[in-house]
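Engineer: Sequential numbering of the sequence shown, starting at 24, is according to this note's numbering. C-beta atoms are modelled at their ideal positions from N, C-alpha and C, and glycine is treated no differently.
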Amino acid sequence: MKKAIRHILLAAISIIAATATISATELHIIPEPSYIDLEAEGYYEVTAKTRLVVNDEAWNPAERFSEYMMEYFNTDKPMRMGKRGKGIKIRIDSCVPYEGYELTSSEEGVLIIGGSEAGIFYGLQTLRQIIVTRNGKVPYGFIADEPSLAYRGVHLDVARHFFGVEDVKRYIDIIAAHKVNRLHWHLTDDQGWRIEIKRYPELTEKGSMRKETLIGHGLRPEWWDGKPYGGYYTQEQIRDVVDYAAKRYITIIPEIEMPGHAQAALHALPWLGCEEQEVDVWTMWGVTPEVMCAGKESTYEFLENVLMEVLELFPSELIHIGGDECPKDRWKECEHCQAKIKAEGLGGEEQLQGYLVARIEKFLNQHGRKMIGWDEILDGGVTPTATVMSWRGIEGGIYAAQRGNEVVMTPMKLCYFNFYQTESREGEGLHIGGHIPFELVYSWDPFEGLNPEERKFIIGAQCNMWSEYIKDMETLEHMLLPRLAAMSEVQWATERRDENSIRQRMESMRKFYDACGWRYAPYYFEGRK
Ligand code: ACM
Ligand code: ZN
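The following block contains the structure:
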């Protein structure tokens, strides 16, 4: 009831605000808040000496904010924090939507009320953008905000190229500033196994190193660099990163690829393959026929043992099992796979993959988790409870939503941030292909093709960062920014996007990126697409 009254009040104020002297967009926040009402003049100035007034319940977001301000004011002194006094007051109130916040600026200071710690964190991110882009001056007024989508994801492939703990933390800092709340961490693939599994040390001892890396687009010998390449995270490092993300209200969803994209695992443990074939950690990009055997019970035992350790490390309810691009050539020839098809009364190799996926889902459910997989998990007959990540297009997502499965939309043509940003590609360096300029991301409707009933199953949207041609942090930032700003508005402000307004607001965002030292691509600002 209290919540309903609050919403009616906000709606009433917004009619009055339409006539206010300062237009809402002048604040230049990205993603755009749902409601802004500024007073004609006056501001509260935040300085390095401003006090944070905060209870224990909001201590973590306040600490994060203090770190941001230390960086901005270039000081090594944390902000003063206490339970009483004037300054930036922070509290939680369940009347505010869970991830939402209300921010009031007045002579008294700044008051942020969040629906949760996360809501406060987002309110503080908004305040941070105002402070950084307006020299600490927070105009008197009121902002109310909440996200459109519950799942706001960014992906990172650390298999094709490895990014160490400090790089991943920096990536987390960048996505957190865009109010993203999921990091999909692609930890295993044909070209490298990157997560320590105590039960199978060979996975990282052997599977984390490849002989060399393909640096060109073709397959000429001179396009391999001849240098051994590898890296992995210890379980202690994984825990550290998971904790770092959680303190920024980001849940890390680990992805352990199965049954395809597993050649690095097969190199380490040849018995995972149909014929125990000896294979290298792969030095090509694309899709390899070397996949795990879905007929042998030892494969299922392996997968469950690996997942047990993964579940210990990652509190995420959703666990990603890959499931994409698994050629069935080996299975067709394999006596174990064929025997399994027969014993289980399956219709063929596609159904064998469906069988594997369903068995793994059951295992995850038994351990209190939910399974998410790429949209190929639909091909072998998906269970009603799996979450589907639609990447080959939107069709898989639509089909899944129609059947009542939850869906994360991430169609390749709009969401693959490893694609080029300009048509001419001039100055971009070598990338995998494609063309996704900022404007295309911004124009994307994640609900396209869905009726209102089906829309309810679209829990989120995500951009993906595959790292075949992304070798270092500078390139990673260049591919992520500023397109992430467009994506964050698709995720957070789905229904209130405006092409003219974002162009103006991006000028302030650029200032913000500069202040943070983030190495964005210049193309959007140069008018190149
Ligand atoms: C994918 O791009 N193979 C999910
Ligand atoms: Zn087999």
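Would you check whether the ligand ACM has a heavy atom nearer than 7 Å to the C-beta of residue 471?
Structural biologist: False, no ligand heavy atom lies under 7 Å from that Cβ.
Engineer: Going by the CB atoms, is the gap between residue 323 and residue 382 shorter than 8 Å?
Structural biologist: Against a cut-off of 8 Å, the Cβ pair of residue 323 and residue 382 comes out as a contact.
Engineer: Would the region 98 to 105 and the region 123 to 139 be scored as touching if the rule is three or more Cβ pairs under 8 Å?
Structural biologist: At 8 Å Cβ cutoff, the stretches do not touch.
Engineer: Taking 6 Å as the limit between beta carbons, can you name the residues of its chain near residue 547, skipping five residues before and five after?
Structural biologist: Excluding sequence neighbours, residue 547 sits near 461, 505.
Engineer: Decide if residue 467 is buried, meaning its Cβ has at least 16 other Cβ atoms within 10 Å, or exposed.
Structural biologist: Label assigned to residue 467: buried.
Engineer: Is it true that the CB of residue 110 sits closer than 8 Å to the CB of residue 161?
Structural biologist: No.
Engineer: Using the C-alpha atoms, what's the distance from residue 540 back to residue 453?
Structural biologist: Straight-line Cα distance between these residues: approximately 24 Å.
Engineer: Note down, one range per segment and in chain order, each beta strand (DSSP E) of at least 3 residues found wholly within the region 120 to 173.
Structural biologist: Counting only runs of 3 or more, we get 124 to 129, 132 to 137, 160 to 168.
Engineer: My assumption, with CB atoms under 8 Å, is that residue 404 sits in contact with residue 361. Please give the rounded CB distance.
Structural biologist: That belief does not hold up - the Cβ atoms of residue 404 and residue 361 are roughly 19 Å apart, past 8 Å.
Engineer: Inspect the beta-carbon positions of residue 349 and residue 283 and report whether they are closer than 8 Å.
Structural biologist: Yes. Within cutoff.
Engineer: Label residue 56 either buried or exposed according to how many other C-beta atoms from any shown protein chain fall within 10 Å of its C-beta, with 16 as the threshold for buried.
Structural biologist: Classification of residue 56: buried, given that the 10 Å Cβ count is 16 or more.
Engineer: Around the Cβ of residue 246, are there at least 16 other Cβ atoms within 10 angstroms (buried) or fewer (exposed)?
Structural biologist: Its Cβ having fewer than 16 others within 10 Å, residue 246 is exposed.
Engineer: Are residue 387 and residue 330 close, meaning C-beta to C-beta below 8 Å?
Structural biologist: Yes; because the gap between Cβ atoms is below 8 Å, this pair is in contact.
Engineer: Which term fits residue 434, buried or exposed, when burial requires 16 or more other beta carbons within 10 angstroms of its beta carbon?
Structural biologist: Classification of residue 434: buried, given that the 10 Å Cβ count is 16 or more.
Engineer: Who does residue 553 pair with in a DSSP beta bridge?
Structural biologist: Any property of residue 553 remains undetermined from this structure, which presents the chain solely from 24 to 552.
Engineer: Measuring from the CB of residue 353, is there a heavy atom of the ligand ZN at a distance below 7 Å?
Structural biologist: Because some heavy atom of the ligand ZN lies under 7 Å away, the Cβ of residue 353 counts as near it: yes.
Engineer: From residue 112 to residue 64, what does the alpha carbon distance come to, in whole angstroms?
Structural biologist: Answer to the nearest angstrom: the Cα atoms are 21 Å apart.
Engineer: Taking 7 Å as the cut-off, does the CB of residue 549 come closer than this to any heavy atom belonging to the ligand NAP?
Structural biologist: As presented, the structure is devoid of the ligand NAP, carrying the ligand ACM and the ligand ZN as its sole ligands.
Engineer: Compute the minimum distance between the beta carbon of residue 285 and the heavy atoms of the ligand ZN, and state whether it is under 7 Å.
Structural biologist: Not under cutoff, so the answer is no.
Engineer: Can you tell me which residues form a DSSP beta bridge with residue 410?
Structural biologist: Note: residue 410 sits in a beta bridge opposite 395.
Engineer: Would the beta-carbon of residue 348 be found less than 7 Å away from any heavy atom of the ligand ACM?
Structural biologist: Checking the Cβ of residue 348 against the ligand ACM gives yes.
Engineer: Is there at least one Cβ from chain C nearer than 8 Å to residue 173's Cβ?
Structural biologist: Reference to chain C is not applicable here, since this structure consists of a single protein chain.
Engineer: What do you get for residue 106, buried or exposed, if any count of 16 or more other CB atoms within 10 angstroms of its CB means buried?
Structural biologist: Looking at its Cβ environment, which holds fewer than 16 other Cβ atoms inside 10 Å, residue 106 is exposed.
Engineer: Who pairs with residue 484 in a beta bridge, going by DSSP?
Structural biologist: The partner list for residue 484 (beta bridge, DSSP) reads 175, 432.
Engineer: Helix, strand or coil: how does DSSP classify residue 281 here?
Structural biologist: Strand.
Engineer: What's the gap between the Cα of residue 295 and the Cα of residue 436?
Structural biologist: For residue 295 and residue 436, the distance between alpha carbons rounds to 34 Å.
Engineer: Does the region 258 to 273 come close enough to the region 193 to 213 that 3 or more CB-CB pairs lie under 8 Å?
Structural biologist: The region 193 to 213, when compared against the region 258 to 273, does touch it at the 8 Å Cβ threshold.
Engineer: At the level of alpha carbons, what is the spacing between residue 108 and residue 480?
Structural biologist: Each residue's alpha carbon lies about 45 Å from the other.
Engineer: Quick one: grab the DSSP three-state call for residue 289.
Structural biologist: Residue 289: helix per DSSP, three-state reduction.
Engineer: Between the Cα of residue 430 and those of 131, 89, 174, spot the shortest distance and give me the residue it belongs to.
Structural biologist: That would be 174, whose Cα lies nearest to the Cα of residue 430.
Engineer: Under the DSSP definition of a beta bridge, which residues are partnered with residue 67?
Structural biologist: DSSP, once it has assigned bridges, lists 161 as partnering residue 67.
Engineer: Cutting at 7 Å between CB atoms, please list the residues of its own chain near residue 132, excluding the five before and the five after it.
Structural biologist: Excluding sequence neighbours, residue 132 sits near 67, 109, 110, 111, 112.
Engineer: Using a threshold of 8 Å, state whether the C-beta atoms of residue 255 and residue 236 are closer than that.
Structural biologist: Taking 8 Å as the Cβ cut-off, residue 255 and residue 236 do not qualify as a contacting pair.
Engineer: With a CB to CB cut of under 8 Å and the five nearest residues on each side skipped, what residues in its chain are close to residue 332?
Structural biologist: Excluding sequence neighbours, residue 332 sits near 220, 221, 222, 258.
Engineer: Put residue 77 into one of helix, strand or coil per three-state DSSP.
Structural biologist: Correct three-state label for residue 77: strand.
Engineer: Any chance you could list the alpha helix (DSSP H) runs of at least 4 consecutive residues sitting entirely within the region 279 to 365, in chain order?
Structural biologist: Counting whole runs of 4 or more residues, the region 279 to 365 contains the alpha helix (DSSP H) stretches 286 to 291, 320 to 336, 352 to 356.
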